[in-house]
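Residue numbers (my numbering): 1174 to 1758.
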């Protein structure tokens, strides 16, 4: 057998890629106009078999891009040619459900401990039919032990790897590869104790491969080209010196003469040209040809459709549990929210304490209080725009890795955020402020008041969810959420009489959360009320008729239906935006 691939002895999945040509369009100018195409990968081909497959190269060489294309994490629109095969079958998006992808940056739930983060992953990525709860717990404990994290397993995770932890991770990956796993990773400049654990090495420079073969033979290959390595020099440093041009080949090597002559022919990457003329490249292409020939032409994709490891309801339970735990461990989004609602309810109750039924204060204070309350219900939800932005990177990583469905993530946020942070605090707020203000003293009126406040808040939250799912920055989100809130407030019927508005602007009242909320609480409170001043009486119905408010039973409930409709429409659009989030790197 050829020594180029002699280290591959174990059975397992074989990943092949041929003629991968990947480009991106550069954006230029303040308007981000599309510029010329930039070549990231230039007709790259290779074979990755079970074992430790390292991809190395200087910054910007394309090593991470190659890994992302193999893993299906790059936008397929940029792939001009080539394909990736697993065991001779074309890779589909389902590969993410049957493979593991570790990103370069730490993406973890910061409020959970190391053990809790690992348990969360185990619960969603290990099948319930094959692994019991005790089996998952044992696996988590095994990983913690193998990584040497026993002392910090129950503390919050920290970022970065020290030398000992990095070596432990590579050793763990090597043990996995010896069990028939194909481990492919990009690495910049490893120390020798890590480098010697590599089975296969792919060196990249300027988007092209300059060496691909056994890691132990890479030194001999470059020495044959005339590159001399200093004694005791780390092989990884030696390779980077070559790709960076810090080392030039000696003149007494025939291969070195060929290298210089290729430069004279204006070849942009003489190292890549030299590799394509080497025995390593020829043997690799021969193996690619053999693997392609055994591929069934009728099979265009992996036939066994991968599915999620856990069912929908179980994913929802795990996600809701994590979201609730994260909320409780973040005082700013849990206890502070409740405390602020109680304080604000007391403040409103004191300002509008026991509103009388005499004119003009009885009427003015009631309408003013209602408008003030609705402003609080709407603008008090500005913090909801952070919901999907804060966890955007985490969601993209976990969803792309097959942890859970997008619908599960969305519903978990809806259930875990709306009930503890929106609905429950509003009922407590209403219980305090309603009776302190001296509004209608009956239970039915109170519950209708609380229902209206809840729907106003939920409609505002849903709009915030939509904005949060649509943009990636807080600055843009704050602008996009403040503008509709302000316009809705202006066309709510308190600051401007809606009957006197210009006809071409009047349509805005139909999308105003303020209008529907203000009309609903006004009908609930003012109906069958009588106000007096100097033996002159004014009924609530007379006031509402003058304002153009339909105070019939349907007039009240149509406002509730409208608020629910706004909430539902915004929720659906927010979910659609989550589906449209760009997951490509």
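No residue lacks a Cβ here, since even glycine has one placed at the ideal position from N, Cα and C.
Source: prediction; values computed, not measured.
The DSSP assignment places complete alpha helix (DSSP H) segments of no fewer than 4 residues inside the segment 1611-1647 at 1616-1643, in order along the chain. Annotation for residue 1242: the continuous alpha helix (DSSP H) segment containing it runs 1236-1244. Separation of the CB atoms of residue 1240 and residue 1343 is rounded to 16 Å, and the pair is thereby denied contact status at 8 Å.
Within the DSSP bridge table, the entry for residue 1373 names 1226 and 1387 as partners. With fewer than 16 neighbouring CB atoms inside 10 Å of its own CB, residue 1361 falls in the exposed class. Around the Cβ of residue 1303, a 10 Å sphere holds fewer than 16 other Cβ atoms; the residue is exposed.
The beta carbon of residue 1751 sits closer than 6 Å to those of 1579, 1583 and 1642, all from its chain and outside the five residues before and after it, given in chain order. Rounded to whole angstroms, the separation of the alpha carbons of residue 1323 and residue 1688 is 57 Å. Take the alpha-carbon of residue 1211 and the one of residue 1234: they are about 13 Å apart. From the listed residues 1310, 1366, 1329 and 1372, the smallest Cα separation to residue 1350 is found for 1372. For residue 1596, no beta strand (DSSP E) encloses it, and the DSSP letter there is neither H nor E.
For residue 1669, no beta strand (DSSP E) segment is defined, and its DSSP state is neither H nor E.
Sequence-distant Cβ neighbours of residue 1598 in its own chain, meaning closer than 7 Å and more than five residues away, are 1510, 1511 and 1514.
Taken atom to atom, the span from the alpha-carbon of residue 1277 to that of residue 1677 is near 53 Å. Taking one beta carbon from each stretch, the segment 1515-1522 and the segment 1653-1660 have fewer than 3 pairs nearer than 8 Å; the two do not touch. Shown here, residue 1565 sits in a helix according to DSSP, grouped into three states.
Under a 10 Å Cβ-count criterion, residue 1463 is classified as exposed, with fewer than 16 other Cβ atoms of the shown protein chains found around its own Cβ. When beta bridges are read from the DSSP output, residue 1378 appears opposite 1381.
Rounded to the nearest whole angstrom, the C-alpha separation of residue 1631 and residue 1560 is 14 Å. Going by DSSP, residue 1731 is part of the alpha helix (DSSP H) stretching over 1726-1753. Counting only the Cα atoms, residue 1400 lies some 7 Å from residue 1420. Non-local C-beta neighbours of residue 1612 in its own chain, meaning closer than 6 Å and more than five positions away in sequence, comprise 1698, ordered along the chain. Membership of residue 1256 in the beta strand (DSSP E) is indicated by the continuous run 1252-1259. Taking every protein chain shown into account, the CB of residue 1571 has 16 or more other CB atoms within 10 angstroms, so this residue is buried. Residue range 1703-1706 is occupied by the beta strand (DSSP E) that includes residue 1705. As the crow flies, the alpha-carbon of residue 1627 is around 54 Å from that of residue 1214. Residue 1563 has its alpha-carbon roughly 40 Å from the corresponding atom of residue 1538. Straight through space, the alpha carbons of residue 1417 and residue 1232 are spaced by roughly 10 Å.
In chain order, 1531, 1532 and 1533 place their CB closer than 8 Å to the CB of residue 1706, counting only its own chain and leaving out the 5 sequence neighbours on each side. If you draw a straight line from the Cα of residue 1736 to the Cα of residue 1209, it is about 48 Å long. With 16 or more other Cβ atoms from the protein chains shown falling within 10 Å of its own Cβ, residue 1422 counts as buried. The straight-line gap separating the alpha-carbon atoms of residue 1608 and residue 1680 is approximately 36 Å.
Secondary-structure assignment with DSSP links residue 1358 through a beta bridge to 1227. Taking C-alpha positions only, residue 1576 is separated from residue 1294 by approximately 7 Å. If you look at residue 1496, you'll find it in the alpha helix (DSSP H) that goes 1485-1501. By the beta-carbon neighbour count (other beta carbons within 10 angstroms, threshold 16), residue 1529 is exposed.
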